[in-house]
Structures are given as C-alpha cells and as structure tokens.
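Note sheet for the following structure.
Chains as they are written, first to last, in the working numbering: chain R, 7 to 272; chain E, 7 to 272.
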C-alpha cells in the first residue's frame, strides 16, 4: 500500500489528523520537496512531530529510479509532499507506476495554495481562468536574457474573458525562489516589448507565506506593487480580471489596495 | 480574534493539527454547513473529537444577522466550514464585517475539492479554465422546467481553449445533492436543444466522496457516464478539454476510461 499525503502549506502542523495517522502507522515514510516545499519547518521538526524517520528523495529518485516503490508491495509506505497531493505530473506518474506493480494507492489531501489564494485575497475561486507560471529567465547561446512570454499570453487571454490569473513563481534549486517583485518586473519587461496594454495599469495582488501565522497579502497596481517588500518566500501572484464589488472591497480593505479598485467593478 | 478554519473534505479527521489546536483553544466554536458539508461525519462526532461544543449557524445567522460576531471582540472565536476556508463569498463578507468591528481575523486552510479533483483524476491543475456550477432546474411561472445554460457555455468556452472544466453540483436543502448522473442529463438536454456539439461525444469524469477511504473516480463519454452508479454524495464532475498523454493514461488506467481517450491526446 502506498499512501500519498499532502502536507498543506507552511509547516508540520498543517498535516491533517488523517495524514498524521497514516504516517504513524506506516512502515516507511518518503518525501520529496523539490516540486513544492514547506518554508516554516524542516525534516527534523517533521520527524519529531510525526514520530517517524523520513527519507528525503531527490528528483532522480522520484522520476528516474523509483526503486523504493517496490517496498510498497508488501509494506505500508507513505509519500509526503507540500500542498495537496498529486498536483504535480510527477506524482501522477508515480501512481501509474505503482499500479503497474500491483500496489494499492490511497490519497490523503492537504490544503493547496490554489484555494488558499482565493481565501486570502477574497477573489472568488470560480472566477479564475487557466493559471500561469513564471520561470526564471535564462541565457540564450548568444548570451541574451530570454524571458518567457507565455505567462503574459495567459494573463491576456484571461483578462479578455474577465478572469483572474493565478501566477505560480519559480522554485529553483540554484536560482532560488522567485519573488513577486521579480515576477512583476519580468511581466512589465514583456509589456515594454509587446505594448499590448495587458500589464500597464493592471491590478496585481502579491501573497507571501500563505498558511503561516502572518501571511502578507498586498494589492496595488502592478507598477507600484513591484517595489513592495513582501519579506521571505514563498511568494505567489494574482493578476485579477474584472472585479465584482465584494472582491474589490476585499482587495481594498483586507489587502490595502488603492481605492481606485472600487471604481472599476463589474 | 476570529479564526476561520477549513475542515477539509470528508470527515472530522480531515482538520489540520493547526486547526484542531485553534478549536481546542477557542472560547466559542461556530460552524456553517450550508455552503459545503462533510458527508462522513456529524456534529456529535466533531464535538467529541475536537472536545468542544459547536454552535451550528443557519444561513440567516451568517448572512443577515451575524450578531455572534460581536463576541469575537474580546474572546477567541472559531468559525468552521467544509473544504478550504473563505471560498464562499459569504465568508469574505463575514471577514469584512469583522474587520469593521475591529476584530482581528486569521485563516487556517483545509483541503479543497478544487485541488483534490486534480489529484484524484490526474488532470493537471494548471490546465483547468473557469469553473462552472449546475443548479437544480426550476419551474417557470408558466410551469415549464428551466435548465440553466450557463454551465454549457462555460464548458464550451473552456473546450475552445483546450481547457478542463470543474463542474460544481448543487447542494440544495430541499432538492438534495445533485448527482453526476443528473448533471450529465441536464448538460445533454441543453446539447439536444443547442446542438453545438459541446457534450456530444465529450469525455467526462465523475468523482464521488472525495477525501473518503473509497472515493469513486470514473471516466467515460458523457452519454455512457450518465448511467454509471456513483453511490452516495457528494458528487462532482469534470469535463476534460484536450488531454495530455499522461492525463489520458491516468483517466484510462486510474479511472477506468475507454481506451479511445488515448487516441485523442495533445
């Protein structure tokens, strides 16, 4: 039996009672934290609270040589990840591999940033379109900086439909956690080049440390928000589409947005 | 202080350790279960596990006369809901009222059906468009049955963009919990009328009892899936857009979908 457990958003106390029970009953506990991670804790604290040794898996262990899966044929294994479980393609692939080996699988869900962002900002979940993600720029072979324009295109498409865009920010082992500030700078650089008016004067909401005691949620126009200090990671960004009255009120009163947001409502 | 706590998906064990701690430290605990509810438990079981008396609020208590909010001025109140917290407009409104009364608020997140569906089906969360919801049909003043065409329109728009649609099904106190079967019948009735080919031959995935020990996830063409027995509520529906190879494989191997799904991949 292999139980996939989503640990939730921030620290070791975000696991559900159901998840904790599964971990405590497991023969072996594995985890991967490269697709998502909990900033408010570490392996040691988790092991202490959960009362189990946790074996940390690398990307290679998960994607190329998941030999450890075989142990689930006759033992109870748990596989821990940040956020909700099975959100990454990698996890779906693991589940398919497990099935091929005749291993029964079970999911224990955890809180996800996708719904948390909706709660933290007051933006309604059914008014979000396709989500985007912003990768760190890279250097082309000619040495020029290459910025992906895909997030700009997704935001543009959603705005045309009046929908909000959740923008995931790159978590890179070497280049680090992308900030809301960098993300907005990159989007504004694309705006500068394309001049399609997607980001110019656009509302934006940055969220830092969702799930912690003191999350920061700050709304402003993109050009201003890029200079706001959100503090430590993880950060995530929303580019709202057309706002309902209550959404605008929430952004102004709960996220310190400019009063002008109230004038542009549906 | 008012702490909004999302209880997660199915039963009293889906609360996070953080949520449980907040409930146990609270002076008063309120809950509402009309916007969302936990099918695997009841008030008595929750009270027993959480070690607190829970006061159940009606829609009127929450939306029209939330006088109980005043108690949060000098005491610690918790407000419990199913799924993640603050997903309903009603909760955002409560938070704004609390702020007006000078009450500090805090959120403790729980697992949400929106991300759980992605994990259970293997459909990638960033490939979902705007979500839809299907209300029970109602009788017009002339006595004819009126079926909302909005969900059909949203599915159509998402399919044109190659995106999946999460379809929430009505939870009505009098008319009951809508099943995947009824939802598909209603969508196919709209298809019959509009004949725009949105639902004809469309893939569909039904999910029942997400978060329980034995969730049912079944994929098929809409016309066939409408006759599948999903068992007890809650049900939810996904109309997939263009499938990636791994998504098609997940629907076939993990959700018993027809092998034809594999031929229509991106």
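Yeah, the Cβ is synthetic: ideal placement off N, Cα and C, and Gly gets one too.
If you draw a straight line from the Cα of residue 198/E to the Cα of residue 12/E, it is about 40 Å long. Think of a sphere of 8 Å around the beta carbon of residue 92/R: the chain E residues whose beta carbon falls inside it are 124, 125, 126, 128, in chain order. Here residue 93/E carries a coil assignment [DSSP, helix/strand/coil]. Residue 87/E is outside the set of residues whose beta carbon lies under 8 Å from a beta carbon in chain R. If the five residues before and after residue 137/E are omitted, its C-beta is found closer than 8 Å to the C-beta atoms of 120, 160, 171, 172, 173, 174, all from its own chain and listed in chain order. Listed along chain R is no residue with a C-beta nearer than 7 Å to that of residue 244/E; the closest approach is about 14 Å. Between the C-alpha atoms of residue 19/R and residue 203/R there is a straight-line separation of about 43 Å. Listed along chain E, no residue sits closer than 8 Å to residue 185/R by beta-carbon distance, the nearest being about 20 Å off.
Around the beta carbon of residue 101/E, 16 or more other beta carbons sit within 10 angstroms, so the residue counts as buried. Straight across, the Cα-Cα distance linking residue 10/E with residue 165/E is about 36 Å. Taking the Cα of residue 234/E as reference, the smallest distance to any Cα among 114/E, 63/E, 212/E is reached at 212/E. For residue 35/R, the enclosing beta strand (DSSP E) covers residues 34-37. Put simply, the CB of residue 177/R is far from chain E, with every gap to its CB atoms at 8 Å or more.
Neighbourhood of residue 265/R in chain E, by CB distance below 9 Å: empty, with the nearest CB roughly 15 Å away. Using a Cβ-Cβ cut-off of 8 Å, residue 132/E counts as an interface residue toward chain R, since at least one Cβ of chain R sits closer than that to its own. According to the DSSP assignment, residue 226/R belongs to no alpha helix (DSSP H) but to the beta strand (DSSP E) extending over 222-227. One Cα belongs to residue 67/E, the other to residue 84/R, and the distance between them is close to 42 Å.
Proximity of residue 139/R to chain E, defined by a Cβ-Cβ separation below 8 Å, is satisfied. DSSP, read as helix, strand or coil, puts residue 188/E in helix. Linking residue 89/E to residue 26/R through their CA atoms gives a straight-line distance of about 18 Å. Its Cα nearest to that of residue 128/R, the residue 260/R stands out among 272/R, 271/R, 260/R. Restricting attention to beta strand (DSSP E) runs no shorter than 3 residues, the segment 28-86 of chain R encloses them at 34-37, 60-62, ordered along the chain. What residue 144/R touches in chain E, judged by beta-carbon distance under 9 Å, is nothing: the nearest beta carbon there is about 20 Å away.
Interface criterion not met: the Cβ of residue 241/E is under 8 Å from no Cβ in chain R. Nearest neighbour of residue 109/R by Cα position, chosen from 75/R, 240/R, 185/R, 58/R, turns out to be 75/R. Within the model, the alpha-carbon separation for residue 142/E versus residue 153/E is close to 8 Å. Beta-bridge analysis with DSSP links residue 177/R to 183/R. Using a CB distance below 9 Å, the part of the segment 7-32 of chain E facing chain R consists of 10, 12, 14, 15, 16, 17, 18, 19, 20, 21, 22, 23, 24, 25, 26, 27, ordered along the chain. Under the three-state reduction of DSSP, residue 267/R is assigned to helix. Secondary structure at residue 22/R: strand, using DSSP grouped into helix, strand and coil.
Under DSSP, residue 11/E takes part in a beta bridge, and its partners are 86/E, 114/E. Listed along chain E are 102, each with a C-beta nearer than 7 Å to that of residue 255/R. Residue-level contact check: residue 162/E does not touch chain R, since none of the beta carbons of chain R fall below 8 Å from its beta carbon.
Look at residue 193/R here: in three-state DSSP terms it is helix.
In this structure, the alpha-carbon of residue 42/E lies about 23 Å from that of residue 112/R. Around residue 135/R, the beta-carbon contacts reaching into chain E at under 7 Å are 135, 136.
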